[in-house]
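Structure first, commentary second.
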Amino acid sequence: MSERFWVDPQYAATLTKQGLGDLGAVFAWQAGDRLDKPTLEDWRQRWRVRIADPDGTSEVLYLKRFDHPRLRRQMQRWLEGQWQRSTAGVECDNARQLAAAGINAATAVAYGERMVGPWERRSFLLLGEVPGEALERWVPAHMPPLDDAEGQPLRRRLVNQLAGFVAAFHRAGFAHRDLYLSHVFVRLDGHGRPCETDTNLLALIDLQRVFRPRWRRRRWVVKDLAALDFSTPADRFSRWDRLRFLCRYVRACDRFGSARELARRVAAKAEGMRRRARRHNAR
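My numbering numbers the first residue of the sequence shown as 2 and each following residue consecutively.
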C-alpha cells in the first residue's frame, strides 16, 4: 500500500490550522458546504471550503473526495493508462501541467491518495475557486439575442476569446473529453459582464477529463470543437459566428486542417451529438 500527500507550500500552514493537514484528516472533515448532485455516485463527494488566510482574508476552495471508487471507474483509469495514479492524482497532474503550459484553469492546492498496487482506495483534490460563471449559464441568461445589434461587439469578443483559448489549449497538446460550455468559465466584472480589461477572460474546469492524446489527435480536436458547437445556443450565436470562431481558431492553430475542412467535420460531429440528445430526450 502506498500513500501520497502533497500541498502547495503557501497553503500548508493554513490547511493544517483548518484541520486539513493529512489524508485522514481530509476524509474526516465535515465543516464545509456539501455540493453533491442527485446524479453523483456515492463514492464521490464535492465540498465548498472557506479558509482564512494569514492576513485575515478568506478564500474559497473546492474539495473533491473519492472513497473506494467502483470497479468501472478503476477499469476506466487503467484503460486510460493511469495504473499508478488515483482519480484525484490524474486531475492534479492535469491542473499542474495546464498551469505550466500557461492555460488558465482551476489551480491545484492539495491532493492525496491511498493506493494498493493499481487499486485506488481513496483520494482527494483541493482546487482554487475559478472566478466568474460557466458560459453554459451565462450565455442564455445574459448574451443579447441575435437581432440585437448592440450585442454584436460582445458576441464577437467572446467568439475571438474562446477561439484563442481553445487554440492555445490544443497547441499545447491537450484535449478534453467533455469540452462543453459548462466547463468553460468567463470572468465577470461588477456588473455581471465579461471583464473588458482581462486578457485571461476564460478558464477551464473539470480537469479530470483533460488528457494528451498520443495518436488520432485530429479526432479529439474535432470532438472538442463539436462539443462546443453542440452546447452553444443557436439563438445566441449564429452559423456565421461559429464559422468566425473556426477561422479565428485556425489562425491561432493551423495544424488540424483548414477552417473549411474543420467546419465540415465539426458540423457532422455536432449533428451526431444532437441526434443522440434527441433520442435520449425522447425516451
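Glycine included, each C-beta is placed from N, C-alpha and C at the ideal position.
| query | result |
| --- | --- |
| So if DSSP puts M116 in a beta bridge, which residue, or which two residues, is it bridged to? | S3 and E121 |
| Ordered along the chain, which non-local residues of its own chain (more than five positions away) have a Cβ less than 6 Å from that of G165? | A253 |
| What do you get for W241, buried or exposed, if any count of 16 or more other CB atoms within 10 angstroms of its CB means buried? | exposed |
| Just to confirm the assignment, what range does the beta strand (DSSP E) spanning V131 have? | Unbroken run through V131: none, as it is neither H nor E. |
| From F257 to V222, what does the alpha carbon distance come to, in whole angstroms? | 8 Å |
| Does the beta carbon of L127 come closer than 8 Å to any beta carbon on chain E? | The chain labelled as chain E is not found in the depicted structure, where only one protein chain is given. |
| Hey, quick one: how far does the beta strand (DSSP E) through S59 stretch, first residue to last? | S59 to D68 |
| Using the Cα positions of R158 and A204, report the straight-line distance between them to the nearest angstrom. | 15 Å |
| Quick check on this structure: which residue in Q162, Y12, V185 and M116 has the alpha carbon closest to the alpha carbon of S3? | M116 |
| Buried or exposed: which applies to P70, given that a residue is buried once 16 or more other Cβ atoms fall within 10 Å of its Cβ? | buried |
| Specify, as a first and last residue, the run of the beta strand (DSSP E) that F186 falls within. | V185 to V187 |
| Which whole-angstrom value is the C-beta distance of A228 and L180, which I expect to be below 8 Å? | 5 Å |
| Starting from the Cα of T200, find the closest Cα among R74, L24, R49 and L163 and give me that residue. | L163 |
| If R188 and P154 are in contact, beta carbons under 8 Å, what's the gap, nearest whole angstrom? | About 18 Å; that fails the 8 Å criterion. |
| So if DSSP puts R49 in a beta bridge, which residue, or which two residues, is it bridged to? | D34 and Y63 |
| For G113 and V27, which I take to be in contact (beta-carbon distance under 8 Å), what is that distance rounded to the nearest angstrom? | 6 Å |
| For the structure I just gave you, are there three or more beta carbon pairs, one from the region 145-152 and one from the region 74-83, closer than 8 Å? | no |
| Rank G191, D190, P234 and V251 by C-alpha distance to the C-alpha of T219 and give the top, closest one. | Strictly speaking, residue 219 in this sequence is Arg, with Thr absent from that position. Comparing Cα positions, the closest option is V251. |
| Looking at L64 and F6, is the spacing between their C-beta atoms short of 8 Å? | no |
| Exposed or buried, which one is T198 when buried takes at least 16 other CB atoms within 10 Å? | exposed |
| Assuming W44 and D68 are in contact, meaning their beta carbons sit under 8 Å apart, how far apart are those beta carbons, in whole angstroms? | 5 Å |
| Between which two residues does the beta strand (DSSP E) carrying D204 extend? | The sequence shown places Ala at residue 204, rather than the Asp named in the question. Per DSSP, A204 belongs to the beta strand (DSSP E) from L203 to L205. |
| Could you pull out every residue in the same chain whose Cβ sits closer than 6 Å to the Cβ of L99, ignoring the five residues on either side in sequence? | A106 |
| For S239, I'd like the list of residues in its chain whose CB is within less than 8 Å of its CB, leaving aside the five on either flank, ordered along the chain. | L147 |
| With a threshold of 6 Å on Cβ separation, who are the neighbours of H171 within its own chain once the five nearest residues in sequence on each side are excluded? | V222 and C254 |
| How far does the alpha helix (DSSP H) with P141 in it extend, from its first residue to its last? | L136 to H143 |
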